[in-house]
Amino acid sequence: MTNAILMTDINKSYMGGNVETRALLDINLEFQQDEFTAIVGSSGSGKSTLLSLLGTLDKPTSGRIEISGVDVSRLKGNRLADFRFETIGFVFQHFHLLPTLTCIENVMSPFYGRRTIVNYREKAEALLSHLGLVDKANSLPSQLSGGEQQRVAIARALVNEPKWLLADEPTGNLDSRNAEVFYELLYQLKKELGCGIIVVTHDQQLAEKATRIIEIKDGRVLQERAHSASEALC
Ligand code: ADP
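So for the sequence shown, the numbering used here puts the first residue at 4; every next one is plus one.
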């Protein structure tokens, strides 16, 4: 099985009434699992659309996406949900934590309703401890700061040991100190877990930590550049 994502001839349009918005046009990209990629571009350029296709949260209008050797356009229903569960961790900008669940329950929630022999409480506890949140395990998300909520969202994304960690504007709701802590955390996780990391960001500082920067403009790849290991975090 390859450890890559291949996007071939991807187009994505949205229909609103009779108006078609072409969000992505003729995208051809390859991502390797040992990379830390930042996708940058101005608002409305298509970054979130690209990330939601990579996360199998949406489907392209045309083109093919292969993730870790699987053609995801052929997957539907439970098979798609299983693939996503096994392969992808997604961190949303507004965290999307379930407000009535405690932190540890939020982290365990991807396993709810699944038959599994994994001791996921133990895994969730280990992750919360690793992310410095052990004393918040039984708190509700509303009792946590923005940075803490984000770490819970990261723990939830990682509890199933995904091959890919995708994050949409991960520092968009953080102050500069928490954003710096977040950079360090991504760096550590990349080293320890070996998952590919792809972030969408407006934050130039975060983008500079990546090993590769892809700039999107008007739904197309405008430019790509690689960072040397000494410039990037990993
Ligand atoms: P970015 O993340 O770079 O801000 P998006 O991917 O959110 O850009 O949006 C790209 C384009 O697609 C924009 O013109 C946006 O208005 C449009 N768009 C995004 N999502 C939808 C949707 N669900 N329905 C209609 N248009 C959408």
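No residue lacks a Cβ here, since even glycine has one placed at the ideal position from N, Cα and C.
Computed from a predicted structure; not experimentally measured.
Check	Outcome
Work out the CA separation of leucine 9 and asparagine 31 for me, nearest whole Å.	8 Å
Got a list of residues with beta-carbon closer than 5 Å to any non-hydrogen atom of the ligand ADP, in chain order?	Tyr17, Thr24, Ala26, Ser46, Gly47, Ser48, Gly49, Lys50, Ser51 and Thr52
Going by alpha carbons, who is nearest to serine 47 out of Ala210, Val110, His205 and Ala213?	Here the sequence assigns glycine to residue 47, which means serine is not the residue at that position. That would be His205, whose Cα lies nearest to the Cα of glycine 47.
Could you name the residues that DSSP lists as bridge partners for glutamine 226?	Glu218
Considering only the beta carbon of each residue, do isoleucine 91 and threonine 59 sit closer than 8 Å?	yes
For tyrosine 17, which of Ser51, Ser55 and Thr64 has the nearest alpha-carbon?	Thr64
Can you tell me the Cβ-Cβ gap for leucine 54 and valine 203, rounded? I've got them flagged as a contact below 8 Å.	5 Å
Just list the residues that DSSP pairs threonine 204 with in beta bridges.	Beta-bridge pairing links threonine 204 to no other residue.
Quick one: does leucine 169 have its CB under 8 Å from some CB of chain D?	Judged by its chain identifiers, the structure shown contains no chain D, having just a single protein chain.
Among all the DSSP beta bridges, which residues are the ones paired with methionine 18?	Glu23
Would valine 94 be called buried (16 or more neighbouring beta carbons within 10 Å of its own) or exposed?	buried
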